[in-house]
Amino acid sequence: KKINFFETFQGVDKYFQEIFHELSFGHGELVLENPEDPFGGGLIIRARPRDKKMQRLEAMSGGEKSLTALSFMFALQRYSPAPFYAFDEVDMFLDSINAERLAQMIKKQSIHAQFVVVSLRRHMLEKSDQAIGVTLRTDGFTQIIGVQNMQKKKDEEPELMTA
Amino acid sequence: KKINFFETFQGVDKYFQEIFHELSFGHGELVLENPEDPFGGGLIIRARPRDKKMQRLEAMSGGEKSLTALSFMFALQRYSPAPFYAFDEVDMFLDSINAERLAQMIKKQSIHAQFVVVSLRRHMLEKSDQAIGVTLRTDGFTQIIGVQNMQKKKDEEPELMTA
Amino acid sequence: LRLKEIEIDNFKSFGKRTLVPFLPGFTTISGPNGSGKSNIIDSILFALGLSSSRTMRAERLPDLINNLSGKKEAQATIKFTDDKEIEIEVTRKIKVKDNGYTSTYYMDGRTCTLTEVHDKLLSYNISPHGYNVVMQGDVTSIISMSLNERRKIIDELA
Amino acid sequence: LRLKEIEIDNFKSFGKRTLVPFLPGFTTISGPNGSGKSNIIDSILFALGLSSSRTMRAERLPDLINNLSGKKEAQATIKFTDDKEIEIEVTRKIKVKDNGYTSTYYMDGRTCTLTEVHDKLLSYNISPHGYNVVMQGDVTSIISMSLNERRKIIDELA
Ligand SMILES: Nc1ncnc2c1ncn2[C@@H]1O[C@H](COP(=O)(O)OP(=O)(O)OP(=O)(O)O)[C@@H](O)[C@H]1O
Ligand SMILES: Nc1ncnc2c1ncn2[C@@H]1O[C@H](COP(=O)(O)OP(=O)(O)OP(=O)(O)O)[C@@H](O)[C@H]1O
Ligand SMILES: [Mg+2]
Ligand SMILES: [Mg+2]
Numbered sequence: 014k015k016i017n018f019f020e021t022f023q024g025v026d027k028y029f030q031e032i033f034h035e036l037s038f039g040h041g042e043l044v045l046e047n048p049e050d051p052f053g054g055g056l057i058i059r060a061r062p063r064d065k066k067m068q069r070l071e072a073m074s075g076g077e078k079s080l081t082a083l084s085f086m087f088a089l090q091r092y093s094p095a096p097f098y099a100f101d102e103v104d105m106f107l108d109s110i111n112a113e114r115l116a117q118m119i120k121k122q123s124i125h126a127q128f129v130v131v132s133l134r135r136h137m138l139e140k141s142d143q144a145i146g147v148t149l150r151t152d153g154f155t156q157i158i159g160v161q162n163m164q165k166k167k168d169e170e171p172e173l174m175t176a
Numbered sequence: 014k015k016i017n018f019f020e021t022f023q024g025v026d027k028y029f030q031e032i033f034h035e036l037s038f039g040h041g042e043l044v045l046e047n048p049e050d051p052f053g054g055g056l057i058i059r060a061r062p063r064d065k066k067m068q069r070l071e072a073m074s075g076g077e078k079s080l081t082a083l084s085f086m087f088a089l090q091r092y093s094p095a096p097f098y099a100f101d102e103v104d105m106f107l108d109s110i111n112a113e114r115l116a117q118m119i120k121k122q123s124i125h126a127q128f129v130v131v132s133l134r135r136h137m138l139e140k141s142d143q144a145i146g147v148t149l150r151t152d153g154f155t156q157i158i159g160v161q162n163m164q165k166k167k168d169e170e171p172e173l174m175t176a
Numbered sequence: 331l332r333l334k335e336i337e338i339d340n341f342k343s344f345g346k347r348t349l350v351p352f353l354p355g356f357t358t359i360s361g362p363n364g365s366g367k368s369n370i371i372d373s374i375l376f377a378l379g380l381s382s383s384r385t386m387r388a389e390r391l392p393d394l395i396n397n398l399s400g401k402k403e404a405q406a407t408i409k410f411t412d413d414k415e416i417e418i419e420v421t422r423k424i425k426v427k428d429n430g431y432t433s434t435y436y437m438d439g440r441t442c443t444l445t446e447v448h449d450k451l452l453s454y455n456i457s458p459h460g461y462n463v464v465m466q467g468d469v470t471s472i473i474s475m476s477l478n479e480r481r482k483i484i485d486e487l488a
Numbered sequence: 331l332r333l334k335e336i337e338i339d340n341f342k343s344f345g346k347r348t349l350v351p352f353l354p355g356f357t358t359i360s361g362p363n364g365s366g367k368s369n370i371i372d373s374i375l376f377a378l379g380l381s382s383s384r385t386m387r388a389e390r391l392p393d394l395i396n397n398l399s400g401k402k403e404a405q406a407t408i409k410f411t412d413d414k415e416i417e418i419e420v421t422r423k424i425k426v427k428d429n430g431y432t433s434t435y436y437m438d439g440r441t442c443t444l445t446e447v448h449d450k451l452l453s454y455n456i457s458p459h460g461y462n463v464v465m466q467g468d469v470t471s472i473i474s475m476s477l478n479e480r481r482k483i484i485d486e487l488a
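Chains as they are written, first to last, in our numbering: chain A, 14 to 176; chain B, 14 to 176; chain C, 331 to 488; chain D, 331 to 488.
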């Protein structure tokens, strides 16, 4: 049991460092509170965004926390990959630079797995292969109002893409 | 103590209904779990966004929840008004229509009290009287990079306002 | 394997039978607050039995049935494909009866148990403990959970 | 009464003495993630004694001192005005010493107690229980708190 845990912990930590660097050019690491007896302690997430000191997740800004938490989630997924992913407004706390980097990363990953992302942000919509529009009709029922194939659209009408 | 509580409860509830209607054209209400003995129960927030059935806060969507919670907070403020308000990214969950309405409401209220609002959204920035820009220098210190008087700006260069 | 299409009928805000088609690659879903975006994600969790009614913002399972249409049942079907020869269809249906409600799973048209559904999904590495479905607010909950709860995520993956 | 200016020196990410001027009416603050926007709001809570170090994302009060400048003290001054004759200035300074740290409040240049600061603010209806300062994430916490905790907000206002 302990051997299994360490193998998983080290795998997720390695991916966490890779992904945190890809998203924020900084350095992140997972640290066990009690390395001798992992089940007797918790898991600390530490990260050093570019140009800053190393700090715990709790002391970061809202956007930095969410980028760090996202990196942790992606590390879990990279360690145990699934055929499809569904994300619901994970880019909410990010400023435009970070939202852009996240959208880039998802675009890159979408060659290996399918991504379905609910988002209100322009950065995501522009990079997607397909955009589904949803609305609520006056009778209170949800209706799918449009399914655009963005790749086709980009070829035909480039100027429509502004937010 | 009980009389005081009821007076406050009814006052906040009245404002909650007004503000929820102003922000979402629906009907909201505060309900005591145990009206006979208020201290023995909790406070339920119920609201009916336009065109929908009455529902509890817990069953709403992310954006509807935050609009309802904001209405509750504003009702507390209207019941006991302060000279200045400071809000940190309260518009994060809202779609453009709701973010626009919230910005309108703050603009209207800013005649009676001072509002300092941290926001990443265009709707807020465009309506403000003054916009303060903040950045982090490479030595890790925060710096104020600009204080624009938006009213002056609007008179001089209208086209600069696009997001 | 990938999602090919979701068919939602009388589940949450989908009072009319609705088809949501998916292409391979990167798909976004957008629309106003309260329009039903998260309900599409909930329909995946519901049909594949990946979570409890509490995580789908409902007190009890029957609250997932559309409350405007007057119908007493709801169902969601997830269609997977590998774009070659494999097609898998998982359906879950709930019906309210006089003395309670029934919840039934179907795989490729035949009734089956939740364990059969989970075993089939596990063979494609889709599991309730994996973080492949991230609901609205999950990012915040990772930030605010205790250090022990965070470690338990690694335990479950091991 | 309104905020006229905040002076922040060596508090959190403000390693250099910084003045933040405010006009009457509606002011927005924006900038990249992690640039120091919420730290400006924290400086108001800190100087006016409206909250604990925990709410300012610091384990202990000395963690609020900038950790890059090497200086052992931090202070924030809030200047209020009514644009006619009233001017009020509230300052809070923390200093780390060998055996701990000190935290001192000043009003219009004289040292004073936190109670004196709160009494003065209360006369303008600025109170720690009022919701006039809403921190990042407060909206979410109103949504997720229990029904009893929500009722307690009304109790405190009464
Ligand atoms: N059983 C039900 N019957 C009818 N409508 C329901 C039912 N359950 C939930 N709803 C509706 O679904 C709506 C929520 O939809 P959903 O959470 O998908 O919105 P969303 O598009 O994700 O919005 P946001 O952008 O705010 O997150 C609620 O407003 C509610 O009215
Ligand atoms: N004592 C300290 N010394 C130096 N820097 C500090 C100190 N305390 C906090 N910080 C820095 O302040 C940063 C957080 O700033 P803040 O929360 O104001 O960002 P923000 O502009 O609100 O960002 P967001 O848009 O993500 O919410 C942290 O990244 C941290 O590095
Ligand atoms: Mg949603
Ligand atoms: Mg912030």
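C-beta atoms are modelled at their ideal positions from N, C-alpha and C, and glycine is treated no differently. Small disclaimer: the values here were computed from a predicted structure and weren't measured.
Annotation for B/ASP101: the continuous beta strand (DSSP E) segment containing it runs 97-101. Counting along the chain, B/ASN162 sits inside the beta strand (DSSP E) bounded by residues 155-162. In the structure shown, D/LYS409 adopts extended strand secondary structure according to DSSP, grouped into three states. A Cβ-Cβ separation of about 6 angstroms places A/ALA99 in contact with C/ILE374 under the 8 angstroms criterion.
Going by beta carbons, A/LYS165 and A/SER141 fall outside the 9 angstroms limit.
Interface with chain D (9 angstroms Cβ-Cβ cutoff): A/PRO96 is excluded.
For A/MET137, the uninterrupted alpha helix (DSSP H) segment begins and ends at 135-140. Within chain D, not a single residue places a beta-carbon under 9 angstroms from that of B/GLN68; the smallest gap is close to 14 angstroms. One alpha carbon belongs to D/ALA377, the other to A/ARG134, and they sit about 36 angstroms apart.
Taking 8 angstroms as the cut-off, the C-beta of C/GLU389 does not count as close to any heavy atom of ligand 1. The Cβ atoms of C/SER471 and A/ASP101 lie no closer than 9 angstroms to each other. Segment contact: the segment 77-95 of chain A against the segment 32-41 of chain A, three or more CB-CB distances shorter than 8 angstroms; contact assigned. Excluding five sequence positions before and after A/GLN127, the CB atoms of its chain that fall closer than 8 angstroms to its own CB belong to PRO96, PHE97, TYR98, given in chain order. Nearest CB-CB separation between A/PHE18 and chain C: below the 9 angstroms threshold.
In its chain, beyond the 5 residues on either side, LEU36 have a beta carbon closer than 6 angstroms to the beta carbon of A/ARG114.
Of all residues in the segment 105-120 of chain A, only MET105, PHE106, LEU107, ASP108, SER109 come within less than 9 angstroms of chain B when Cβ atoms are compared, listed by chain position. At a cut-off of 8 angstroms, the beta-carbon of B/SER74 counts as near ligand 1: some heavy atom of the ligand is closer than that. Under a 10 Å Cβ-count criterion, D/SER360 is classified as buried, with 16 or more other Cβ atoms of the shown protein chains found around its own Cβ.
Non-local C-beta neighbours of D/GLU337 in its own chain, meaning closer than 6 angstroms and more than five positions away in sequence, comprise LEU349, THR407, ordered along the chain. Following the DSSP letters along the chain, one finds D/PHE356 inside the beta strand (DSSP E) bounded by residues 356-360. With a beta-carbon spacing of about 5 angstroms, B/PHE106 and B/GLY76 fall inside the 8 angstroms limit used to define contacts. Going by beta carbons, D/SER343 and D/GLY379 fall outside the 9 angstroms limit.
Short of 7 angstroms from the beta carbon of A/MET137, and not among the five residues preceding or following it, lie these beta carbons of its own chain, in chain order: ASP104, ALA116, VAL130.
Against chain A, the CB of B/GLY75 has a partner CB under 9 angstroms away; the residue lies at that interface. Straight-line measurement puts the Cα of A/HIS40 at about 8 angstroms from the Cα of A/ARG63. D/ILE418 and B/SER123 have their C-alpha atoms some 21 angstroms from each other. Contact of B/GLN90 with chain D by beta-carbon distance below 8 angstroms involves GLY460, TYR461, ASN462. B/LYS14 and A/ASN47 have their C-alpha atoms roughly 50 angstroms apart.
From the listed residues B/LEU149, B/GLU42, B/TYR28, the smallest Cα separation to B/MET67 is found for B/GLU42. By alpha-carbon distance to C/VAL426, the top candidate from C/ASP372, C/MET465, C/GLU403, C/SER474 is C/GLU403.
When 8 angstroms is used as the limit between beta carbons, C/PHE344 is near these residues of chain A: PHE154, THR155, in chain order. The contact set of D/ASN396 on chain A, defined by CB atoms closer than 8 angstroms, is empty, because the minimum CB distance reaches about 11 angstroms. When 7 angstroms is used as the limit between beta carbons, C/MET465 is near these residues of chain A: ASP101, in chain order.
Placement of the Cβ of D/SER368 at a distance of less than 8 angstroms from at least one heavy atom of ligand 4 is found.
Residue-level contact by beta carbon holds for D/GLU479 and chain B, with a gap shorter than 9 angstroms.
With its beta carbon at least 9 angstroms from every one in chain B, D/PHE376 lies outside the interface.
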